[in-house]
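Residues 1 to 666 (the numbering used here) are what the sequence shown spells out, left to right. Worksheet: the structure to be examined is printed underneath.
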Amino acid sequence: MNIQINFKKIFRQISLMGLVVTSPIALANTSAADLYGPAKGSDVDTIVLMSGNGYELKQISYTDGNGTPQQSDFYFLYSATGANGAYLYAGLPLNERDEIIGEFDRSPVPCVKAAQPCMSELQSADDEFDVIVVDKDAAGVNSLSGMNALVAKRGWQDIQLEQYKSLNIQGVKAGDEKFDAKGCFGWTHKSKNWSKSFNESFDKSKRFGSGNAFVDVEINATTSGNGKATLDYKYKRSFCIPYKIRMKQLKARADYAITGDINIHGEATHTFNGYTWNIAEPTIANGWFMIGVVPVQYDVKLPIRAGTGNLTLSASGDVGLEKVLNIAGHYEYACDKNNCAKVSSSFADNGTLQLDNIQYQLMASATIEPWAEVAIKGRVYWGLIWAKVGIKPSLPIKLSGYYGNMCGNGDNIGGNETVSAGVLDIDFRAGVIAQVKYFNEQYWQIYRTDLYFTDLVNPHSSAFSSIIRPSVSSSSVTMPVSLRACVKSADTGYQDFTVYWGDGSTSGISNLASSKTMNHNYASAGTYQISVRHSNGASTNRNVTVAGTTSVPVVNSFTAYAECFSGGDIPISPEGEDLDLKRLPEEGGMWLSGTVNASNSPTLYEVYMGSSRIYSGSNANFFKSFSYSPNYISLKARAKNSIGWSPFRSINITCNQYLNTDSNKI
1 MNIQINFKKI FRQISLMGLV VTSPIALANT SAADLYGPAK GSDVDTIVLM
51 SGNGYELKQI SYTDGNGTPQ QSDFYFLYSA TGANGAYLYA GLPLNERDEI
101 IGEFDRSPVP CVKAAQPCMS ELQSADDEFD VIVVDKDAAG VNSLSGMNAL
151 VAKRGWQDIQ LEQYKSLNIQ GVKAGDEKFD AKGCFGWTHK SKNWSKSFNE
201 SFDKSKRFGS GNAFVDVEIN ATTSGNGKAT LDYKYKRSFC IPYKIRMKQL
251 KARADYAITG DINIHGEATH TFNGYTWNIA EPTIANGWFM IGVVPVQYDV
301 KLPIRAGTGN LTLSASGDVG LEKVLNIAGH YEYACDKNNC AKVSSSFADN
351 GTLQLDNIQY QLMASATIEP WAEVAIKGRV YWGLIWAKVG IKPSLPIKLS
401 GYYGNMCGNG DNIGGNETVS AGVLDIDFRA GVIAQVKYFN EQYWQIYRTD
451 LYFTDLVNPH SSAFSSIIRP SVSSSSVTMP VSLRACVKSA DTGYQDFTVY
501 WGDGSTSGIS NLASSKTMNH NYASAGTYQI SVRHSNGAST NRNVTVAGTT
551 SVPVVNSFTA YAECFSGGDI PISPEGEDLD LKRLPEEGGM WLSGTVNASN
601 SPTLYEVYMG SSRIYSGSNA NFFKSFSYSP NYISLKARAK NSIGWSPFRS
651 INITCNQYLN TDSNKI
């Protein structure tokens with residue numbers, strides 16, 4: 001909802017000399033020159049008297065809050081460069097130029113009049129809006145008598161008295177040395193609030209397609225609520241007359257509700273005369289699912305007919321998907337010139353889908369190929385843009401159905417399997433859209449459910465069974481696992497599999513996007529059934545026969561490394577290695593690490609130092625600390641599989657010695 005707020009009386013309470021201001025951020029399609037345009041063309045006339053790079057001098061004629069006609073000239077300054085240009089060519093006083101330059105980003109500004117410095121030291125830019133408005137007459141006054149004369153001329157007595165009252169001043173004199181201390185100069189920060197209730201109803205429909213292939217979309221909704229805007233601004237007084245203003249921030253809040261419904265219906269059929277057979281009529285979807293606490297009832301069927309020669313084919317689906325709208329919540333964002341940041345937000349959808357809501361059919365496309373394939377794919381995306389208040393709830397829905405035998409050969413035996421799928425993919429979310437003069441339209445999400453993906457077929461969609469291609473080498477199996485083409489568009493978060501190797505061990509695959517290669521070693525010869533099971537229960541099975549292990553392991557290599565210290569220092573080692581995290585006993589000692597590499601599928605490793613076993617485990621890497629630090633170490637290692645133990649392999653190593661004073665290696 002693009003709320004145009006009339007700022008005509010914004011400053012009546014502070015009586016900013018009758019300056020009329022409209023929305024400083026209309027949030028769309030505004031330019032710097034228009035930011036302070038009239039609220040209503042019949043009430044305010046604006047003439048640009050002079051303009052240059054970063055400034056304008058405008059004459060504004062209007063009727064103030066007391067019904068008095070007013071006409072005055074105002075500087076509209078958009079940058080430090082503009083302030084200097086207004087000083088050089090449009091009569092902006094020097095002291096005003098210098099102060100306004102300080103208000104802006106303090107970027108370098110060329111000084112045409114070198115004898116008069118035009119800027120202070122460089123500082124970083126702030127985030128207030130780059131518009132400062134100054135009354136030309138008041139800016140030129142430098143004495144109380146001069147201001148009193150201007151007050152009398154322009155009829156500003158009420159403004160001055162109101163400021164005196166707000167500052168608790170009974171009266172001032174031009175020569176009073178405490179005049180400045182009474183608060184009649186300097187910046188004052190204020191806020192202004194507006195609110196308005198709204199109630200809008202609409203009934204929109206759109207037909208996509210024509211003839212016997214079409215989809216109708218109808219949206220009937222009522223939006224109601226309350227919008228509130230808060231403007232943070234500051235103004236400056238001169239002799240107790242506010243004459244200069246700068247906008248700081250706009251906060252927008254909406255408490256809203258949407259009620260109504262969305263109806264979708266359509267059909268797509270094509271008939272060729274001929275003899276027909278019923279091929280199948282699988283139930284693509286029927287059951288219940290929940291979105292939060294909202295129950296949803298659905299029923300989708302896909303009757304398929306085909307024949308030889310001439311062909312009659314139809315695809316249809318009865319889908320209960322009239323979405324009842326019952327949305328409520330609020331959002332509050334604060335916008336400055338650089339960004340719009342969330343203050344708070346809430347969003348709730350209480351709309352339901354009930355049995356009585358089943359009011360339409362969705363009949364989609366059908367394709368015949370040498371292998372009969374019929375697919376129904378309903379993709380519905382509804383976006384309701386509540387532009388009047390900037391809230392954007394949307395309901396992305398993707399309903400996909402499949403039945404046929406053109407979706408791959410899962411186990412690579414025989415031909416393609418006949419598989420079916422019925423899935424519902426829902427992402428319900430809402431966001432705020434905003435556009436400020438300083439950046440293009442942006443979207444901030446304030447609510448989102450987790451991406452909802454559900455299998456609609458009972459007990460599961462068989463199309464989610466994977467395609468596997470195991471290959472055997474001795475006792476090892478290498479197996480690529482990939483998705484069937486007809487379900488590759490499904491969310492990867494739903495594509496989780498477990499590989500059952502048939503020997504009691506399992507492996508997991510999470511978020512499969514396309515294909516992944518799995519590897520496994522079998523300890524014994526034999527025939528094993530590999531089963532790759534989707535998280536929904538659909539599986540692909542394949543038997544493999546492996547030779548297994550026929551001999552004991554062979555230790556192909558055995559390496560070790562030792563470091564000795566005279567007192568509790570951390571060993572020196574390449575950054576990031578495990579040794580960085582180890583500490584020896586306070587009295588000193590040795591840290592020993594190594595790796596045993598063996599073939600023929602070992603499952604257990606042992607390492608001995610002399611006749612003492614210092615490691616036994618299934619990991620080929622070992623670590624061990626000691627409270628003493630020998631110069632030379634004799635080690636031997638062996639490995640075991642289902643056949644037995646390998647022979648020992650021995651090595652001798654030297655312990656690298658370190659001093660405890662500076663950790664320098666000897």
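Ideal Cβ positions, reconstructed from N, Cα and C, are used throughout, including at glycine.
Buried or exposed (CB count within 10 angstroms, at least 16 for buried), residue i
| i | result |
| --- | --- |
| Gln495 | buried |
| Gln160 | buried |
| Asp135 | buried |
| Asp130 | buried |
| Gly82 | buried |
| Gly140 | exposed |
| Thr540 | buried |
| Leu122 | Here Leu122 scores only 38 on pLDDT, less than 50, and its place in the model is too uncertain to base an answer on. |
| Phe565 | buried |
| Leu49 | exposed |
| Asn623 | Note that residue 623 is Phe in the sequence shown, not Asn. It is exposed - the Cβ of Phe623 has fewer than 16 other Cβ atoms within 10 Å. |
| Gly493 | exposed |
| Gly644 | exposed |
| Asn53 | exposed |
| Leu94 | exposed |
| Gln163 | buried |
| Lys165 | exposed |
Beta strand (DSSP E) segment containing residue i, residue limits
| i | result |
| --- | --- |
| Asn597 | 589-599 |
| Trp617 | Note that residue 617 is Gly in the sequence shown, not Trp. Segment 612-617, the beta strand (DSSP E) holding Gly617. |
| Ser515 | 515-521 |
| Gly493 | Per DSSP, Gly493 belongs to no beta strand (DSSP E) and is neither H nor E. |
| Pro480 | 476-482 |
| Val552 | Note, Val552: premise wrong, no beta strand (DSSP E); not H, not E. |
| Val472 | 471-473 |
| Ser507 | 506-509 |
Paired residues, beta bridge with residue i - DSSP
| i | result |
| --- | --- |
| Asp135 | Phe74 |
| Thr527 | Thr545 |
| His460 | Note: His460 sits in no beta bridge, so no partner. |
| Gln157 | None, per the DSSP bridge assignment. |
| Arg533 | Thr498, Ser539 |
| Arg638 | Glu606 |
| Lys624 | Leu592 |
| Asn652 | Ser634 |
| Ile241 | Ser238 |
| Ala560 | Gly594 |
| Glu56 | Ser51, Phe76 |
Given residue i as reference, the closest of the options once Cα atoms are compared
| i | options | result |
| --- | --- | --- |
| Gly186 | Ser143, Arg237, Trp156 | Arg237 |
| Thr550 | Phe104, Lys136, Ser474, Ser618 | Ser474 |
| Leu483 | Ser505, Tyr500, Val532, Ser507 | Val532 |
| Phe497 | Asn521, Gly504, Thr478, Gly537 | Gly537 |
| Phe558 | Phe648, Ala149, Asp158 | Phe648 |
| Ala421 | Ser489, Asn148, Cys184 | Ser489 |
| Ser461 | Pro93, Tyr632, Ser646, His534 | His534 |
| Ser634 | Glu99, Ser611, Cys486, Thr46 | Ser611 |
| Ala513 | Val487, Gly504, Gly502 | Val487 |
| Gly617 | Asn631, Ser627, Asn641 | Asn641 |
| Gly410 | Asp491, Ser465, Asn631 | Ser465 |
Cβ pair residue i, residue j closer than 8 Å
| i | j | result |
| --- | --- | --- |
| Tyr528 | Val544 | yes |
| Ser629 | Gly589 | yes |
| Tyr605 | Ala620 | yes |
| Val552 | Ser650 | no |
| Val554 | Asn521 | no |
| Ile530 | Val499 | yes |
| Trp156 | Ile60 | no |
| Phe74 | Val151 | no |
| Phe76 | Met147 | no |
| Ile468 | Arg542 | yes |
| Ala80 | Ile101 | yes |
| Arg472 | Val546 | The amino acid occupying residue 472 in the given sequence is Val; Arg does not appear at that position. Closer than 8 Å, so yes. |
| Ser72 | Asp137 | yes |
Continuous alpha helix (DSSP H) stretch holding residue i: start and end
| i | result |
| --- | --- |
| Gly85 | 80-89 |
| Glu96 | 94-103 |
Residue i: CB within 7 Å of a non-hydrogen atom of the ligand GDP
| i | result |
| --- | --- |
| Met479 | By its list of ligands, the structure shown contains no ligand whatsoever, and the ligand GDP lies outside what it can speak to. |
Min CB distance residue i to chain C below 8 Å
| i | result |
| --- | --- |
| Ser474 | The structure shown has no chain C; it contains just one protein chain. |
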